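Trainee:
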Amino acid sequence: MSERTLVLIKPDAVQRGLVGEVLNRFERKGLTIEAMTLRTMDAALADAHYAEHVTRDFYPPLKNFMTSGPLVALILSGDQAISVVRALTGATDGRVAAPGTIRGDLSLSNRENLVHASDSEDSAKREIALWFPGL
Ligand code: CMP
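Numbered per full-length UniProt numbering, the sequence shown spans residues 1 to 135.
1) At a cut-off of 8 Å, is Leu62 close to the ligand CMP when judged by its beta-carbon and the heavy atoms of the ligand?
2) Where does the unbroken alpha helix (DSSP H) through Glu112 begin, and where does it stop?
3) DSSP state of Asp79, grouped into three classes?
4) Is DSSP giving Met36 helix, strand or coil here?
5) Nearest CA to the CA of Met1: which residue from Val96, Asp119 and Asp79?
6) What does Glu27 pair with, by DSSP beta-bridge criteria?
7) Would you check if the distance between the CB atom of Ala81 and the CB atom of Glu3 is smaller than 9 Å?
8) Could you have a look at Arg4 and say whether DSSP puts it in helix, strand or coil?
9) Round the Cβ separation of Leu8 and Leu71 to the nearest angstrom and send it over; I've been treating them as touching at under 8 Å.
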């Protein structure tokens with residue numbers, strides 16, 4: 001079944017010049033880019049996007065990182081896109097993410113892990129509405 005999912009190519013990826021590398025992996029897999037924008041997250045959007053994490057110890061430095069510079073937000077679509085994109089992205093911690101995944105190949109951090117991807121249909125709907133109202 002075709003699904004849509006929300007992906008953020010995080011500020012570390014933009015800073016390191018890895019946007020093309022990350023997009024290339026999604027495109028080569030056969031996913032479709034439905035919408036895409038370069039944008040800097042502000043504090044309110046960070047709190048809304050990460051609503052389930054705002055009380056966690058790791059949230060203040062995460063918020064600081066995510067609002068530190070421009071990121072690329074996109075909607076990807078395709079068959080089972082939510083789980084397919086999560087599989088391509090790899091485990092949260094780049095130090096343990098499997099080789100072959102984006103984080104496993106390119107990140108050495110639990111926070112600066114290059115990519116965010118929606119983790120469920122409900123999250124995808126909520127996050128797409130936040131980043132691309134009306135789409
Ligand atoms: P993301 O997929 O965007 O979802 C929540 C983010 O919080 C996660 O990627 C990491 O960037 C960050 N994160 C999750 N757990 C930790 C942790 N234990 N320490 C630091 N950052 C974390």
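Using N, Cα and C, we set each Cβ at its ideal position, and we do this for glycine too.
All values reported here derive from a predicted model rather than from experimental measurement.
Mentor: Inspection of the coordinates gives the following:
1) yes
2) Careful: Glu112 lies outside any alpha helix (DSSP H) and carries neither H nor E.
3) strand
4) strand
5) Taking the Cα of Met1 as reference, the smallest distance to any Cα among Val96, Asp119 and Asp79 is reached at Asp79.
6) Its beta-bridge partners do not exist; DSSP assigns none.
7) yes
8) strand
9) 5 Å
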